[in-house]
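Take a look at the structure below.
Numbering (the numbering used here), first residue to last: 358 to 639.
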């Protein structure tokens with residue numbers, strides 16, 4: 358059975374004088390609800406690190422709804438029926454483990470867990486592996502964040518190098534952005550994709566989506582049986598040469614920030630396609 362989370366939106370039960378003091382100082386006692394998910398699965402230490410940092414923020418409630426196992430590369434795909442279990446970490450309730458894709462975990466969180474008390478923000482990550490450039494289209498981390506946008510909720514996707522030793526810095530950087538959203542409001546209809554490289558961090562670069570740093574070099578035959586052949590995909594890491602992109606900035610040691618939208622329309626080509634005057638053929 359799914360254990361519901363209590364409704365905490367509204368003012369805390371503080372003394373009237375304390376409440377007035379908070380309001381007069383320009384601070385809001387209203388809880389900012391964050392739905393946290395990922396695509397690496399609910400057991401991911403990077404997810405735990407991000408949940409810990411977000412939970413330190415003032416007036417922020419973090420609710421975790423994540424896949425029960427690794428679902429990397431799932432994009433925004435979905436399945437039908439799902440099973441949901443309570444997940445404990447060190448003996449305490451941590452969140453909801455969803456037997457489904459990242460988008461399923463987010464959809465369950467928004468529709469079921471946010472049924473009586475809606476969420477203000479969706480955060481997806483920290484992913485093990487960068488999601489810069491064209492790789493974003495394949496990413497379950499970005500797909501989970503896009504599911505938030507699909508339901509009208511601002512979103513953040515955060516990823517880092519698989520060998521990164523900067524997980525604490527990544528979590529704190531993300532928490533700072535969440536706190537900014539809480540205080541100043543979040544951009545509607547847009548997600549911010551954060552990518553943090555390994556090694557010394559040189560700074561922050563806001564860049565558009567760039568080229569793909571991962572390419573399929575070949576397929577290696579592993580074994581053959583009467584029904585077919587099993588292949589392993591061999592991937593190649595490519596260094597970007599386009600200095601204007603998030604891929605290049607990330608590979609040069611910068612934290613890259615890229616605003617992404619749900620709408621993939623090529624508006625510049627709309628008029629040209631219409632000029633083709635394509636017609637149904639009888």
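Positions of the beta carbon are idealized from the N, C-alpha and C atoms, including for glycine. Since we're looking at a predicted model, the values are computed, not measured.
Taking residue 565 as the centre and dropping the five residues before and after it, the same chain places the C-beta of 601, 602, 603, 615 closer than 8 Å to its C-beta, in chain order.
The C-beta of residue 638 has fewer than 16 other C-beta atoms within 10 Å across all chains shown, which makes the residue exposed.
Residue 571 and residue 415 have their C-alpha atoms roughly 39 Å apart.
The DSSP assignment places complete beta strand (DSSP E) segments of no fewer than 3 residues inside the region 523-586 at 547-553, 560-563, 571-582, in order along the chain.
DSSP places residue 482 within a strand segment (E or B) once states are collapsed to three. Annotation: residue 440 to residue 598 spans about 45 Å, alpha carbon to alpha carbon.
Residue 492 has no beta-bridge partner at all, per DSSP. Shown here, residue 445 sits in a strand according to DSSP, grouped into three states. As a beta-bridge residue in DSSP terms, residue 517 pairs with 485, 553. Three or more pairs of CB atoms, one per stretch, sit closer than 8 Å, so the region 516-523 contacts the region 481-490.
The Cβ atoms of residue 398 and residue 443 do not sit closer than 7 Å to each other. In terms of Cβ geometry, residue 587 and residue 577 do not form a close pair [threshold 7 Å]. Using a C-beta cut-off of 8 Å, the region 465-476 makes no contact with the region 542-561, since fewer than three inter-stretch Cβ pairs fall below that distance. At the C-beta level, residue 591 and residue 575 come within 7 Å of one another. Under the three-state reduction of DSSP, residue 511 is assigned to coil, being neither helix nor strand. The alpha carbon of residue 550 has as its nearest neighbour, out of 394, 493, 559, 605, the alpha carbon of 493.
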